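Novice:
Numbering (UniProt numbering), first residue to last: 1 to 411.
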């Protein structure tokens, strides 16, 4: 049932739900209200305590007895202008700047409708990423909050050189960090190894020496910026640990014969307080529904099982995990993120509660944004309501009934 006095942009809203999960606790609060004034949560509590004050709000939304209200999801790894096609490099080079801008708008519209209220964009051209961020912040377009690196820092001809800034020495990486901060980067993205979507790069090898990585992170810290490092090969894990990056993206421990988990390195990651974003996503696996006899299926499923095992072992060694899908890369749509979280639970045997935390409060912690990822008074009013209880059945994420972004009902 909905009752209201209007639909002002910054109306006050009382949300009544069968349960509220705050993003931190081990269980949900049953039969609760969340009160919103402007873009901020002002109260959370049992319906019995807050029922009497609900009438003063502009809108009262009764979401139903079997609905769970939780913090809006945070996707910690996206590329907003990427096509999700079979060759993102070819698409990126062929498409006009204007087409990339339009795709970015559409991708963010699509992901917001699934309940993603914040994206950390890990490599989109400066002019697109920062313009989109400003458009969302200024209310010119509807979309999730955008926390953007803009151009990633890579070697000459290195991974994602076509949407990055190339730097090849300690002096050049320092200059690149300064240039990105000057341009408006929220954080620094560095490609510490090669990557699969850039032909000619080496996934197994470090793109930067330890000295170069340390110079980059030292400069970033001086300018109060966090650092996300793209890492597949084990040598890149080592340089990223030495440089004390904030997050390691992918963290594949990749060697010549595939993923080779390194417990000692994992312990160093945990001890250093570095977060890992393992980028589990459905990707090409969605095509298996058309028939498991795909010629690539056996190798794909083996590699995916290796990644599930790796993530489980990282968790068991105390590494803090955050969720991000690498949205925009091959076969990876911006609407897929809820399904990617479901896949994470099913594949790694991590609890739904922990995976939800990795996409809400833990993600906000890694961002250095204590205002996000938690339902509590004083926090940002970014919320998702789903039918059912995702703490018991993570598939409930596929049934969104309400999305609130910056205090406004957007879906």
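Note that beta-carbon positions come from the ideal geometry of N, C-alpha and C, so glycine has one too.
These numbers were taken from a predicted model, which means no experiment stands behind them.
1) Report the rounded CA-to-CA distance for residue 6 versus residue 55, giving the unit in angstroms.
2) So, under 8 Å CB-CB, residue 388 and residue 66 are touching, yes? Tell me the CB distance rounded to an integer number of Å.
3) Could you name the residues that DSSP lists as bridge partners for residue 75?
4) Roughly how far, in whole angstroms, is the beta-carbon of residue 110 from the beta-carbon of residue 334, given that I think they are within contact range, below 8 Å?
5) Would you say the region 173 to 190 touches the region 223 to 231, given that touching needs at least three Cβ pairs under 8 Å?
6) Where do the ends of the beta strand (DSSP E) carrying residue 252 lie?
7) What are the boundary residues of the beta strand (DSSP E) that includes residue 35?
8) Just tell me which of 147, 132, 146 has its CA closest to the CA of residue 140.
9) CB residue 337 to CB residue 351, shorter than 7 Å?
10) Just to check my reading of the structure: residue 144 and residue 173 have Cβ atoms closer than 8 Å, yes? What is that Cβ distance to the nearest angstrom?
11) Measure the alpha-carbon distance for residue 44 versus residue 345 and round it to whole angstroms.
12) Assuming residue 74 and residue 391 are in contact, meaning their beta carbons sit under 8 Å apart, how far apart are those beta carbons, in whole angstroms?
13) Got a sec, what are the start and stop residues for the alpha helix (DSSP H) residue 358 sits in?
14) Under the rule that 16 or more other beta-carbon atoms within 10 Å means buried, what is residue 4, buried or exposed?
15) Here's the rule: buried if 16 or more other CB atoms are within 10 angstroms of the residue's CB, otherwise exposed. What is residue 8?
16) At what residues does the alpha helix (DSSP H) containing residue 282 begin and finish?
17) Roughly how many angstroms separate the alpha carbons of residue 51 and residue 32, rounded to a whole number?
18) In this structure, does DSSP put residue 44 in helix, strand or coil?
19) Residues bridged to residue 402 by DSSP?
20) Give me the DSSP bridge partner(s) of residue 225.
21) Out of 378, 236, 87, 176, which has the shortest C-alpha to C-alpha gap to residue 198?
22) If you draw a straight line from the alpha carbon of residue 112 to that of residue 261, how long is it in whole angstroms?
23) When the Cα atoms are used, what is the spatial distance from residue 269 to residue 106?
24) With which residues is residue 190 paired in a DSSP beta bridge?
25) To which residues does DSSP link residue 128 through a beta bridge?
26) Run through DSSP, which three-state label would residue 327 get?
27) Look at the alpha carbon of residue 29 and the alpha carbon of residue 323, and state the distance between them as a whole number of angstroms.
28) Just checking residue 45 against the ligand MG - is the residue's beta carbon closer than 6 Å to any of the ligand's heavy atoms?
29) How far does the beta strand (DSSP E) with residue 145 in it extend, from its first residue to its last?
30) Suppose the cutoff is 8 Å on Cβ atoms and the five residues either side in sequence are ignored; what does the same chain contact list for residue 287 look like?
31) Using the C-alpha atoms, what's the distance from residue 276 back to residue 192?
32) Just the Cα atoms here: how many angstroms apart are residue 385 and residue 13?
33) Under a Cβ-count criterion, where at least 16 other Cβ atoms within 10 Å of its own Cβ denotes burial, should residue 156 be classed as buried or exposed?
34) Using 10 angstroms around the beta-carbon of residue 404, count the other beta-carbons present and answer buried if the total reaches 16, otherwise exposed.
35) Compute the beta-carbon to beta-carbon distance between residue 247 and residue 274, rounded to the nearest angstrom, for a pair I have assumed lies under 8 Å.
36) May I ask you to list the residues that DSSP assigns as paired with residue 20?
Specialist: In brief:
1) In the chain shown, residue 6 corresponds to position 6, counting from 1. In the chain shown, residue 55 corresponds to position 55, counting from 1. Note on residue 6: pLDDT 34, under 50, position unreliable in the model; the coordinate value appears next. The alpha-carbon atoms of residue 6 and residue 55 are separated by roughly 14 Å.
2) Translated into the one-based positions of the chain shown, residue 388 becomes position 388. Translated into the one-based positions of the chain shown, residue 66 becomes position 66. About 6 Å separates the two Cβ atoms, so the contact holds.
3) What you label residue 75 is simply residue 75 of the chain shown in a count that begins at 1. In the DSSP output, where bridge partners are listed per residue, residue 75 has 119.
4) Working through the chain shown from its first residue, we reach residue 110 at position 110. Working through the chain shown from its first residue, we reach residue 334 at position 334. The beta-carbon distance between residue 110 and residue 334, rounded to whole angstroms, is 5 Å. This is short enough to meet the 8 Å contact definition.
5) yes
6) The residue given as residue 252 occupies position 252 in the chain shown. Looking at the DSSP string, the run of the beta strand (DSSP E) that includes residue 252 is 247 to 255.
7) Here residue 35 refers to the residue found at position 35 of the chain shown. 29 to 37 is the extent of the beta strand (DSSP E) around residue 35.
8) In the chain shown, residue 140 corresponds to position 140, counting from 1. Checked all of 147, 132, 146; the closest Cα to residue 140 is 132.
9) Numbered from 1 along the chain shown, position 337 holds the residue referred to as residue 337. Numbered from 1 along the chain shown, position 351 holds the residue referred to as residue 351. Taking the C-beta atoms as reference points, residue 351 is found no nearer than 7 Å to residue 337.
10) Within the chain shown, numbered from 1, the residue matching residue 144 stands at position 144. Within the chain shown, numbered from 1, the residue matching residue 173 stands at position 173. The pair is not a contact, with the Cβ atoms about 30 Å apart (cut-off 8 Å).
11) Counting from one through the chain shown, the residue named residue 44 turns up at place 44. Counting from one through the chain shown, the residue named residue 345 turns up at place 345. Rounded to the nearest angstrom, the two C-alpha atoms are 28 Å apart.
12) Start at 1 with the first residue of the chain shown, and residue 74 comes out as number 74. Start at 1 with the first residue of the chain shown, and residue 391 comes out as number 391. Their Cβ separation, rounded to whole angstroms, is 17 Å, which puts residue 74 and residue 391 out of contact at 8 Å.
13) Your numbering for residue 358 matches position 358 in the chain shown. Start and end: 352 to 358.
14) Along the chain shown, read from residue 1 onward, the residue named residue 4 stands at position 4. Because the pLDDT of residue 4 is 37, which lies under 50, any placement of that residue in the model is unreliable, and the question is left without a value.
15) Residue 8 sits at position 8 when you count from the first residue of the chain shown. Its pLDDT being 37, under 50, residue 8 is placed unreliably in this model, and the value from its coordinates should be taken loosely. The Cβ neighbour count for residue 8, taken over all protein chains shown within 10 Å, is under 16; the residue is labelled exposed.
16) Residue 282 sits at position 282 when you count from the first residue of the chain shown. No residue range can be given for residue 282, since it is assigned to no alpha helix (DSSP H) and is classified by DSSP as neither H nor E.
17) Along the chain shown, read from residue 1 onward, the residue named residue 51 stands at position 51. Along the chain shown, read from residue 1 onward, the residue named residue 32 stands at position 32. Between residue 51 and residue 32, the C-alpha separation is close to 9 Å.
18) As a first step, residue 44 must be located in the chain shown, where it is residue number 44. It is a strand residue.
19) The count along the chain shown starts at 1 and reaches residue 402 at position 402. Per DSSP, 385.
20) Along the chain shown, one-based indexing puts residue 225 at 225. Residue pairing by DSSP leaves residue 225 without any beta bridge partner.
21) As a working mapping, residue 198 is identified with position 198 in the chain shown. Comparing Cα-Cα distances from residue 198 to each of 378, 236, 87, 176, the minimum goes to 87.
22) Position 112 of the chain shown, counted from the first residue, corresponds to residue 112. Position 261 of the chain shown, counted from the first residue, corresponds to residue 261. Distance between the alpha carbons of residue 112 and residue 261: 35 Å.
23) Within the chain shown, residue 269 is the residue found at index 269, counting from 1. Within the chain shown, residue 106 is the residue found at index 106, counting from 1. When rounded, the distance between both Cα atoms is 36 Å.
24) Mapped onto the chain shown, residue 190 falls at position 190. For residue 190, which the question treats as bridged, DSSP gives the partners 153, 229.
25) The residue labelled residue 128 in the question sits at position 128 within the chain shown. Residue pairing of residue 128 in beta bridges, as defined by DSSP: absent, with no partner found.
26) Within the chain shown, numbered from 1, the residue matching residue 327 stands at position 327. In this structure, residue 327 counts as strand in the three-state DSSP scheme.
27) Taking the first residue of the chain shown as position 1, residue 29 is located at position 29. Taking the first residue of the chain shown as position 1, residue 323 is located at position 323. C-alpha separation (whole angstroms): 24 Å.
28) For the ligand MG, the structure offers nothing, since it holds no ligand at all.
29) Here residue 145 refers to the residue found at position 145 when the chain shown is read from its first residue. 145 to 148 is the extent of the beta strand (DSSP E) around residue 145.
30) As a position in the chain shown, residue 287 is number 287, starting the count at 1. These residues qualify, in order along the chain: 294, 331.
31) By one-based count along the chain shown, residue 192 stands at place 192. By one-based count along the chain shown, residue 276 stands at place 276. Cα-Cα distance, rounded: 14 Å.
32) Residue 385 sits at position 385 when you count from the first residue of the chain shown. Residue 13 sits at position 13 when you count from the first residue of the chain shown. The alpha-carbon atoms of residue 385 and residue 13 are separated by roughly 14 Å.
33) The residue labelled residue 156 in the question sits at position 156 within the chain shown. Around the beta carbon of residue 156, a 10 Å sphere encloses fewer than 16 other beta carbons of the protein chains shown; the residue is thus reported as exposed.
34) Translated into positions along the chain shown, residue 404 becomes position 404. Its Cβ being crowded by 16 or more others within 10 Å, residue 404 is buried.
35) Mapped onto the chain shown, residue 247 falls at position 247. Mapped onto the chain shown, residue 274 falls at position 274. 7 Å between Cβ atoms; contact.
36) Looking up residue 20 in the chain shown gives position 20. Partner(s): 29, 69.
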